[in-house]
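I have placed the structure first, in the form of structure tokens, so that the comments after it can refer back to it.
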Amino acid sequence: MIKLKYLHDFDLETISQLTNTPIGTVKSRIYYGLKHLNQLARGEQDG
């Protein structure tokens with residue numbers, strides 16, 4: 001979903017429709033995905 005949001009520039013509603021996922025779940029997955037990527041970039045393990 002991060003790819004759809006940031007590489008393809010889709011809005012949350014479009015991502016929700018494309019993936020057949022509730023918009024709240026889309027928001028959550030993007031939030032936690034970005035958080036995880038940030039931790040990886042900082043060299044942190046477990047999160």
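Okay, so the sequence shown: first residue is 1 according to our numbering, each after it adds one. Glycine included, C-beta positions come from ideal geometry on N, C-alpha and C. The model shown is predicted, which means the values in this text are computed figures rather than measured ones.
*What span of residues does the alpha helix (DSSP H) with residue 36 cover, start to end?*
23 to 41
*Between residue 38 and residue 29, what straight-line distance do the alpha-carbon atoms span, to the nearest angstrom?*
14 Å
_Just to confirm the assignment, what range does the alpha helix (DSSP H) spanning residue 18 have?_
12 to 19
*Whole angstroms is fine: what's the gap from residue 41's alpha carbon to residue 17's?*
30 Å
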